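Undergrad: Residue numbers (this note's numbering): 620 to 876.
We put the beta carbon where it would ideally sit given N, CA and C, even for glycine.
Given the structure is predicted, the values throughout are model-derived calculations rather than measurements.
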Amino acid sequence: DCRYTAANRREILESRVDATAVIGRAIAQVATPPAVWLNASTTTIYRHAFDRDMDEASGEPGGDEPGAPSTWRFSIGVAKAWERAFFDAATPWTRKVALRSAMVMSPGRGGVLDVLTKLVRFGLGGRLGSGRQYFSWIHGTDFTRAVEFLIQREDLEGCVNVCSPNPVPNRDFMSALRKAAGVRLGIPAVRWMLEIGAPILRTETELVLKSRRVVPGRLLDADFKFHFPSWPEAARDLLGSMNSAVRGGTPPPPCKL
């Protein structure tokens, strides 16, 4: 969540690729290598998609879409380099899983849900851009449960999408968030407004304008059960946790296993 200046691009890429390579070399050198290595990745690796869901088997990597902004191509390039460093690591005795995670919705301060909820409560929670772009997400509780599940399932390796099975268009996502927050109306922000506001907020519009229509094909095939598969239900639970914490004067509780 920053502007993609030359310095920031270098730090974003190196922090992911170099760290992964170092971990790979360490695993290769230890006398007793770990049984499993879970490494972060991202659903950003898939193309901007309105037409169909992107799962691990048939999802199309992005980067070559006509007219895609350079910031989108940069993020996809980072994701590809990150996974390449992971799978190129010589760790033959260690099972490897790349967690292609969507945005994790959790009630703690400073996260993406906290930012979006503040916009909603200030009356700015309308659709962003056209509102047609899909938003892939996962409840924090289901994220931690999926991590535990993947550690325990010794038959699963490779790339795994860690996201809800129900991505939603941005307009529906924001509508459900407003309803959960008890806010009736939200002012929409068209694309040109976002392009003006992004430099002021020190962020990039890719985070809200790219259509991420990603589904967890491998988790579903492995019979993983989501506690919060739909966004309206998840939003109600998350906002309930946030409101309870505010009333009690304590930080929101950690995600429940």
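Just list the residues that DSSP pairs Ala-717 with in beta bridges.
TA: Asn-658 and Cys-778.
Undergrad: Please check the pair Arg-831 and Val-779, which I expect to be a contact at CB under 8 angstroms, by giving their CB distance rounded to whole angstroms.
TA: That pair is no contact at about 16 angstroms.
Undergrad: Would Asn-785 pass as a contact of Ser-694 if the rule is Cβ separation under 7 angstroms?
TA: No.
Undergrad: For Trp-811, which beta-bridge partners are listed by DSSP?
TA: DSSP output for Trp-811 lists no bridge partner at all.
Undergrad: Where do the ends of the alpha helix (DSSP H) carrying Trp-701 lie?
TA: Segment 689-707, the alpha helix (DSSP H) holding Trp-701.
Undergrad: Mind checking Ser-863: buried by the 16 CB within 10 Å criterion, or exposed?
TA: The residue in question, Ser-863, is exposed, as its Cβ has fewer than 16 Cβ neighbours within 10 Å.
Undergrad: I need the straight-line Cα distance from Val-723 to Asp-791, nearest angstrom please.
TA: Those two C-alpha atoms are separated by around 17 angstroms.
Undergrad: Using three-state DSSP, classify Trp-850 as helix, strand or coil.
TA: Helix.
Undergrad: What are the boundary residues of the beta strand (DSSP E) that Ile-757 is part of?
TA: Counting along the chain, the beta strand (DSSP E) containing Ile-757 begins and ends at 756-758.
Undergrad: Using a Cβ cut-off of 7 angstroms (strictly closer), state whether Glu-767 contacts chain C.
TA: No chain C appears in this structure, which consists of one protein chain only.
Undergrad: What did DSSP end up calling Val-734 once you bin it into helix, strand or coil?
TA: If DSSP states are grouped into helix, strand and coil, Val-734 belongs with the helices.
Undergrad: Using a threshold of 7 angstroms, state whether the C-beta atoms of Ala-698 and Thr-663 are closer than that.
TA: Yes, they are a contact pair.
Undergrad: Quick one: what does DSSP say Pro-680 is sitting in, helix, strand or coil?
TA: Reduced to three states, the DSSP call for Pro-680 is strand.
Undergrad: Let me check one thing: in DSSP terms, what residues is Tyr-753 bridge-paired to?
TA: Pro-788.
Undergrad: With Pro-688 and Glu-825 assumed to form a contact (beta carbons below 8 angstroms), what rounded beta-carbon distance in angstroms separates them?
TA: Sure, about 7 angstroms apart at Cβ, within 8 angstroms.
Undergrad: Decide if the stretch 643-659 is in contact with the stretch 709-717; the criterion is three or more beta carbon pairs, one per stretch, under 8 angstroms apart.
TA: Flag = yes, the stretch 643-659 and the stretch 709-717 touch.
Undergrad: Return the first residue and the last residue of the alpha helix (DSSP H) that Val-723 is part of.
TA: First-last for Val-723: 722-724, but that is the beta strand (DSSP E), not the alpha helix (DSSP H).
Undergrad: Quick one: grab the DSSP three-state call for Leu-820.
TA: Three-state DSSP puts Leu-820 in a helix.
Undergrad: With H, G and I counted as helix, E and B as strand and the rest as coil, what does DSSP make of Val-833?
TA: Three-state DSSP puts Val-833 in a strand.
Undergrad: Which residues share a DSSP beta bridge with Tyr-665?
TA: Tyr-665 pairs with Pro-680.
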